[in-house]
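Have a look at the structure below before the remarks.
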Amino acid sequence: MKKLYFLFFVFILGCEPNREPSPKNPNPEKNKNMGTITIYTHRHYPSDQLLFEQFTQKTGITITVRKGNGNELLDKLKLEGQNSPADLFMTADIGMLYQAKTAGVLQKAESNLLKESIPAHLRDPENYWFGLTKRARVIAYHKERVKPEDLSTYEALTEEKWKKKVLIRSSTNVYNQSLLASFIVANGEEKANTWVQQMVKQSMARKPVGNDRDQVKALAEGLGDIAIINTYYYGLLLHSTNEQEVEVAKSVGLFFPNQGDRGTHINISGAGVTASSKNKKEAIQLLEFLVQEESQKQFAEVNYEYPVHPKVAPSDFLKSLGTFKEDSVSLEEVGKQNKKAVQLFDQNGWE
Amino acid sequence: MKKKKFYFFREARYWNKWTLGMGGSALFVALPLFFILFYLFQAESDTWRFFKQSSLLNTYFKNTVWFVGLTGLLSAIFGILPAWFVSTYRFPFSSVLEWALILPLAIPVYVMAYTYSGIFDITGVLQTTLRTIFGWKRGEYAFFEIKSFLGLVFVFSVALYPYVYLLARDSFRQQTSIVLEISRLFGYSSVRAFCKVALPLALPSIFLGVFLVQMECLSDYGTVTYYGVSTYTVGIYKAWYGYQDKNAAMQLTARLLLFALVVSVLFWWVVRHQKRYQLYLHQFKPERTPLSSYRAILACGVCLIPFLLGFLIPVLQLLYWMFQTHQQFSLTVWLPLIRNSFLLAFGTAILTVFLAVLIGYTLKIYENRWTLFFSKVATMGYVLPSSVVAFSVMSLCHFFDQQMGQFLSLFLSNSLIALLFAYVVRFLTVAFHSVEAGFTKVGKKIDEVSFSLGTSPLKTLLTINLPLMKYSLLSAIILVFLDVLKEFNLTFLVGPSFETLATATYSLAITHEDMAESSVLALLIICMGIFILTFAKFILETPNKNSFFRRYVYASDPPAF
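Residue numbers (the numbering used here), protein chains in the order written: chain A, 1 to 351; chain B, 352 to 912.
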């Protein structure tokens, strides 16, 4: 009898997929009053989910979110082509947005509100993608061992005085790739190559290991004197529930490099409407919702990211870091050089 | 010399309904693999040439060989010694440790890695306590950095040793009584009996376990990069996303796949005769010798160490973080996650075990070069990084949609079947090895008897083989269940956008780049794993009223958990 049950069970399970033939409706006509949009996002913040719920409450448009790794989602978009259910593609880095644009999976989104709310260098000149939040890649220094007067630019980190003192994470991380890409745009490939060479040979305190928060912790350990991190990680450390982490964060100061020339490197977290989107109007509505002042404030308060909207005041934490001159190079250019940056890292052995 | 023929068990023909059915399903599961191998025949790209010329590949090879080798060794040590003690002797806590030693499998490897990183960090429990006790100041002392090559080997060994433990223990249990009795006749001490007799007999199972561990090492990307070790898989991802060259990435993956296939075939070739020497004596009841005081403490200690390192310490740290971050207990948020995780894991487990039984049984009764080929090719998915499996499955679904879906208005992309298929491709390996071990335990002689009496193969399978390998089946289901419970990447990309415990844990962990916030979700995964293990233990240990079981199965094959 037991074997019969087993067979029966298996039979049932074998049948089940057929009961659900998984039709994919390219045009959900059932929701005529309220639309529905699908987002492919690299961002996993719970605060994003809250914003989406607020949007749904306000407009009645339901949002289906597919989270994942930006690169892999981009591959998925490319594969699905015109049949993709995605309406928006959100990332945490400019490189992926640029690749999405060149791969042809994004489409233009015309919106005056978006143009007014986002400064020109933080969105695509051809309106394919739009930045939603900003983050700066800054130098964190140990307050007891380093004076801020000694710091100046990213390029100066290869000087003799910083020998074996710089902590930075792996080159596989997109933030480093974008940073180097911005160097290539600003100084040219040769100088960028030399910079990488010098960093690997003399400035790096250790082989890259861990993430940005680990670099700050290594600072506290005394393994180095300066680290390169994104601003919001500092916010996370400072507001951690672990007292030790708060103490470590307090022993470290942030310095915005290159104030004397082009400005500190910034990166955006942004989104673009997909070429296969069947709900373009609703997708643009969501984008407009995310750049309006209340949403921008939430990004600043909860995630410690800088808002892109020029009129939104940054949160208290961000204010405490001070104002800074940001690198206003077109991020489109930075995105173009991403692949070159990876090559330079590999040529010089930055793991 | 006459060419050695395989033993054609029942019929001389290659093709009959069993081999065709098995071949069909094996090839179907292997479709993504063929998709990847197809890239071997594509033209070389610039990136591929760049990779070959630079020293990158050398670095990757060197790192990977050392990493996989040392992890295999350490996990073997963590697995074999406790397995021997627990199946041969009785000492305090031996019955609890017997199943508790499997528990590290309930913890995802990246959770283990992040947790240990948190423990050893300057802001972690260990250093903080030491600073309080000894009055050291931050920055004035050097401390062991766990995010290193050795740390990585340690974390993987401690997370994956249960594969070796399970297979070694089952093997030891089969041989224990006869081994000890005969060894006593020869005047061997227990150490010598272990080294000279028990261990060599158990080697095939141990190597299989180590092979599983090494495959899982090869398929990992996130943990490896976090700890700063550049392995072959890092190269695959770099080619794919850094250089944006899918061709080069697939070429690299295809070579990895070929290598794993070669090793698998080699392994089969080396041990194919050893199956004749296995002692499957159902009438011997293994007796476990009780140990005297200091030996008992030693045995207990040796068994406690892997459990401590692989389960107790990480779980305690996660519990600590859970309280520290004041996690909110929200059933409305958790229940859908738990339900999705459970259904996906259970469904996949049943599906994979069904396929594993089909392939394993056909392999047993019709062992020839084709069935061997089919079985090898269907069970390679475990070595592939999950992104590659996801991409292959998505490509296949897309191809199907383009060619056939539009006419049938049936779309595979983003469907549940696609997700289940992806899971099966990746986890059939685990189920198959466990089920195959079970079939080997039953042996061919009993099938011979059955066939000579005129029973069909199907009836023999259902009425004789499966009941005798109840425990192997259950352990296969458990292993796949735990693996699917921990899988997040496939769930992200393939199928409908489900949120499971694994995806939610990963999302939170990657947002903060820290385990503290997602500790409660990680603990939920672990709880589910514990639940399923205790449930299995309960099923296996309730005495069965059926006398056939009592006499032949229960007596000789004690509970697996």
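Just so you know, even glycine gets a beta-carbon here, dropped at the ideal spot from N, CA and C. All values derive from a computational prediction rather than experimental measurement.
Beta-bridge partners of residue i, as assigned by DSSP
{"i": "Ala227 (chain A)", "result": "A:Ala140 and A:Leu167"}
{"i": "Gly253 (chain A)", "result": "A:Tyr141"}
{"i": "Val616 (chain B)", "result": "DSSP, once it has assigned bridges, lists no residue as partnering Val616 (chain B)."}
{"i": "Tyr154 (chain A)", "result": "Partner(s): none; Tyr154 (chain A) has no beta bridge."}
{"i": "Met204 (chain A)", "result": "A:Val166"}
{"i": "Tyr440 (chain B)", "result": "B:Thr640"}
{"i": "Ile37 (chain A)", "result": "A:Ile63"}
Minimum Cβ-Cβ distance from residue i to chain B less than 8 Å
{"i": "Glu351 (chain A)", "result": "yes"}
{"i": "Asp75 (chain A)", "result": "yes"}
{"i": "Val65 (chain A)", "result": "yes"}
{"i": "Glu288 (chain A)", "result": "no"}
{"i": "Asp346 (chain A)", "result": "yes"}
{"i": "Glu53 (chain A)", "result": "no"}
{"i": "Pro208 (chain A)", "result": "yes"}
{"i": "Lys339 (chain A)", "result": "yes"}
{"i": "Glu245 (chain A)", "result": "yes"}
{"i": "Val302 (chain A)", "result": "no"}
{"i": "Asn279 (chain A)", "result": "no"}
CB of residue i within 8 Å of CB of residue j, strictly
{"i": "Met820 (chain B)", "j": "Val845 (chain B)", "result": "no"}
{"i": "Tyr154 (chain A)", "j": "Asp93 (chain A)", "result": "no"}
{"i": "Ala590 (chain B)", "j": "Phe402 (chain B)", "result": "yes"}
{"i": "Asp212 (chain A)", "j": "Tyr233 (chain A)", "result": "yes"}
{"i": "Ser668 (chain B)", "j": "Thr466 (chain B)", "result": "Before going further, note that residue 668 (chain B) is Gln rather than Ser in the sequence given. Contact: yes."}
{"i": "Tyr307 (chain B)", "j": "Gly430 (chain B)", "result": "Since the first residue of chain B shown is 352 and the last is 912, residue 307 (chain B) is not available in this structure."}
{"i": "Leu180 (chain A)", "j": "Leu344 (chain A)", "result": "yes"}
{"i": "Ser47 (chain A)", "j": "Gln285 (chain A)", "result": "no"}
{"i": "Phe303 (chain B)", "j": "Leu607 (chain B)", "result": "Outside the displayed range of chain B (352 to 912) lies residue 303 (chain B), so it cannot be described from this structure."}
{"i": "Asn598 (chain B)", "j": "Ser737 (chain B)", "result": "no"}
{"i": "Ala549 (chain B)", "j": "Gln526 (chain B)", "result": "yes"}
{"i": "Ala700 (chain B)", "j": "Phe832 (chain B)", "result": "yes"}
{"i": "Ile168 (chain A)", "j": "Ala227 (chain A)", "result": "yes"}
{"i": "Leu407 (chain B)", "j": "Asp346 (chain A)", "result": "yes"}
Min CB distance residue i to chain A below 8 Å
{"i": "Ala867 (chain B)", "result": "yes"}
{"i": "Ser405 (chain B)", "result": "yes"}
{"i": "Ile710 (chain B)", "result": "no"}
{"i": "Ala707 (chain B)", "result": "no"}
{"i": "Asn816 (chain B)", "result": "no"}
{"i": "Ala464 (chain B)", "result": "no"}
{"i": "Gly593 (chain B)", "result": "yes"}
{"i": "Gly579 (chain B)", "result": "yes"}
{"i": "Ser848 (chain B)", "result": "yes"}
{"i": "Leu844 (chain B)", "result": "yes"}
Continuous beta strand (DSSP E) stretch holding residue i: start and end
{"i": "Asn267 (chain A)", "result": "Ile266 to Thr274"}
{"i": "Val65 (chain A)", "result": "Thr62 to Lys67"}
Limits of the unbroken alpha helix (DSSP H) element including residue i
{"i": "Tyr175 (chain A)", "result": "Val174 to Asn187"}
{"i": "Thr856 (chain B)", "result": "Leu852 to His863"}
{"i": "Ile458 (chain B)", "result": "Element bounds for Ile458 (chain B): n/a, residue is neither H nor E."}
{"i": "Trp366 (chain B)", "result": "Here Trp366 (chain B) belongs to no alpha helix (DSSP H), and DSSP marks it neither H nor E."}
{"i": "Tyr712 (chain B)", "result": "Leu682 to Ile716"}
{"i": "Ser405 (chain B)", "result": "It is not in any alpha helix (DSSP H) - Ser405 (chain B) carries neither H nor E in the DSSP assignment."}
{"i": "Asn211 (chain A)", "result": "No alpha helix (DSSP H) contains Asn211 (chain A), which DSSP labels as neither H nor E."}
{"i": "Ser803 (chain B)", "result": "Lys796 to Ser803"}
{"i": "Asp834 (chain B)", "result": "Lys821 to Lys837"}
{"i": "Trp450 (chain B)", "result": "Ser445 to Ala451"}
{"i": "Trp672 (chain B)", "result": "Ile664 to Gln675"}
{"i": "Leu812 (chain B)", "result": "Element bounds for Leu812 (chain B): n/a, residue is neither H nor E."}
Contact test: residue i Cβ vs the ligand MN heavy atom, cutoff 7 Å
{"i": "Leu481 (chain B)", "result": "In the structure on display, the ligand MN does not appear, and there are no ligands present to speak of."}
Residues that residue i contacts on chain D, provided the C-beta gap is smaller than 9 Å
{"i": "Phe742 (chain B)", "result": "Absent from the structure is chain D; the protein chains it does hold are A and B."}
**Message:** Which runs of the alpha helix (DSSP H) at least 4 residues long sit entirely within the segment 494-575 of chain B? Give them in chain order.
**Reply:** Segments of the alpha helix (DSSP H) lying fully in the segment 494-575 of chain B: 500-536, 541-544 and 550-569.
* What alpha helix (DSSP H) runs, 4 residues minimum, are completely inside the segment 80-134 of chain A? -> The qualifying runs are 94-103 and 112-117.
*Taking the runs of the alpha helix (DSSP H) that are 4 residues or longer, which of them lie wholly in the segment 271-346 of chain A?*
For the segment 271-346 of chain A, whole alpha helix (DSSP H) runs of length 4 or above, ordered along the chain, are 280-291, 293-303, 316-321 and 331-336.
inquiry  = As an exercise, report each continuous alpha helix (DSSP H) stretch of at least 4 residues that is fully enclosed by the segment 730-777 of chain B, in chain order.
reply    = Within the segment 730-777 of chain B, the complete alpha helix (DSSP H) runs of at least 4 residues are 737-751.
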